[in-house]
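Some notes on the structure that comes next.
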Amino acid sequence: MTVQNLGKALEYKTLVMPNPDADIINGYTSDLLSDVMGNAPEGSVLITIQGHKNSIAVASLLGMPAIILCNNRSAPDDMQLAAQKEGIAILSTGDTQFTASYRVAHLLGRV
Amino acid sequence: MRWRIDLHNHSCLSPCGSNLMLPAVLAIEAMDAGIDILALTDHNSSRNLPAFAEACEIAGISGVFGLEVTTMEEVHVLALFEHLHDAMEFGEFIEFLLPDIRNVRELFGEQLIVDLAGEVVGELEKSLYGAADISFENLIEEVLARDGLAIPAHIDRPSNGVLSNLGFLPEVRYSALEAIRVPVMCETLGNSIIQGSDAHVIEHIGRRFCFIESERRDFQGLKDALVNHTVTFRT
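Sequences listed follow chains A and B, in order.
Heads up: the first sequence begins at 228 in our numbering, then just goes up one per residue.
Heads up: the second sequence begins at 1308 in our numbering, then just goes up one per residue.
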């Protein structure tokens, strides 16, 4: 599923979407970026509350095309700039990581 | 001159700190352990620093006045100040940024404010367990702007460290980095590394320390040593 279609289906707020056609095939939920670095599969959307520019660097390193920020966490300007530069989408929602994970998994046919 | 320093210690104010960790006990035990420069760094509060300042004076130890702040990313950062009043003001600021949650002492432990003699003069109601509403970078900037030392704590620990929570060290200016084990096996961006006890119980006072080479046994001497990379460890 493309990043754009995922965002539309979830009806989450788009903060940055430099590459709407990037393909999402999986998801990974974690707030510890060291854990994300070690375990997240390529092509995943990262579901997290970690609104920090390091999240973008980690996503870029692992080939993760999008980040969903839960619990209405904000994305600071430097994070949004980095996302633009690295071609990574940032979506924002009031959903918890639990709800967002379920909804993404459902849309990707993984539950 | 070579000075033995330990810049990371808790008192009975920290919910996880033993109620026997009175500021005066910390100062005296540290003096016995040969510590020359000692910091008290309770979680997100500075309220036991006045008693600590008095105790250091009596013990003839150079006191550094600090807090261990929990940032919004739940990264622990030591914020250290030369002057008590600066640390108190900063402590008030950090307490204000904590979520408005009451401490449940049965679950998290008591948060005791004590005087020099160890008499309980108050108990902090707001939970110090939470994260302050300030980002890692903004906190570092704020501490440095107030002429403090900003030192990410236990960067090699699997929880509440900058590496565990943020994956790698953001490229900003630090005063130093604290590690549990040296040498550290990660990129340190040329920063000095220090070791501290992170003592929560009396038995842990002085368990980790390091040495600085400096003319002065005070905050300025400490600052110079961190900049000049004259920190060494026990061999």
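Virtual Cβ for every residue (Gly too), placed ideally from N, Cα, C.
Note that the structure is a prediction, hence the values are computed from the model and not measured.
Just checking: is the beta-carbon of residue i within a distance shorter than 7 angstroms of some beta-carbon in chain A?
{"i": "Gly1324(B)", "result": "no"}
{"i": "Gly1429(B)", "result": "no"}
{"i": "Leu1470(B)", "result": "yes"}
{"i": "Leu1473(B)", "result": "yes"}
{"i": "Glu1485(B)", "result": "no"}
{"i": "Ile1380(B)", "result": "The question names Ile, but residue 1380(B) is Glu in the sequence shown. True, the Cβ-Cβ gap to chain A drops below 7 angstroms."}
Where does residue i fall in DSSP's three states?
{"i": "Glu1485(B)", "result": "strand"}
{"i": "Pro292(A)", "result": "coil"}
{"i": "Phe1475(B)", "result": "coil"}
{"i": "Leu242(A)", "result": "strand"}
{"i": "Asn1467(B)", "result": "coil"}
{"i": "Asp1313(B)", "result": "strand"}
Skipping 5 residues on each side, what residues in its chain have a beta carbon closer than 7 angstroms to that of residue i?
{"i": "Val1332(B)", "result": "Ile1509"}
{"i": "Ala1358(B)", "result": "Pro1330, Ala1331, Val1421, Asp1422 and Leu1423"}
{"i": "Phe1526(B)", "result": "Val1371 and Glu1389"}
Count the other CB atoms, across all protein chains shown, that sit within 10 Å of the CB of residue i; report buried if there are 16 or more and exposed otherwise.
{"i": "Pro1406(B)", "result": "exposed"}
{"i": "Met1338(B)", "result": "buried"}
{"i": "Asn281(A)", "result": "buried"}
{"i": "Phe1403(B)", "result": "exposed"}
{"i": "Pro1322(B)", "result": "buried"}
{"i": "Pro1465(B)", "result": "exposed"}
{"i": "Ala327(A)", "result": "buried"}
For chain B, is any of its Cβ atoms less than 7 angstroms away from the one on residue i?
{"i": "Val285(A)", "result": "yes"}
{"i": "Asn281(A)", "result": "yes"}
{"i": "Met264(A)", "result": "yes"}
{"i": "Asp259(A)", "result": "Looking at the sequence provided, one finds Leu at residue 259(A) rather than Asp. Yes, Leu259(A) lies at the interface with chain B (some Cβ there is under 7 angstroms from its Cβ)."}
Since residue i and residue j should fall inside the 8 angstroms C-beta cutoff, what is the C-beta to C-beta distance between them, to a whole number of angstroms?
{"i": "Ala1386(B)", "j": "Val1491(B)", "result": "Ala1386(B) to Val1491(B), Cβ: 21 angstroms. No contact."}
{"i": "Ile251(A)", "j": "Leu233(A)", "result": "5 angstroms"}
{"i": "Pro390(A)", "j": "Gln311(A)", "result": "The requested residue 390(A) does not occur in the structure, where chain A is confined to residues 228 to 338."}
{"i": "Val272(A)", "j": "Ala293(A)", "result": "4 angstroms"}
Looking only at its chain, what residues have a beta carbon closer than 6 angstroms to the beta carbon of residue i, apart from the 5 residues adjacent to it on each side?
{"i": "Val1382(B)", "result": "Phe1443, Val1469 and Asn1472"}
{"i": "Pro268(A)", "result": "Asn253"}
Leaving out the 5 sequence neighbours to the left and right, which residues in its chain are closer than 8 angstroms to residue i when beta-carbon positions are compared?
{"i": "Asn1467(B)", "result": "Thr1377, Glu1381, Val1382, His1383, Ala1460 and His1461"}
{"i": "His1317(B)", "result": "Cys1323, Gly1324, Met1328, Leu1347, Thr1348, Asp1349, His1350, Glu1375, Asp1505, Ala1506 and His1507"}
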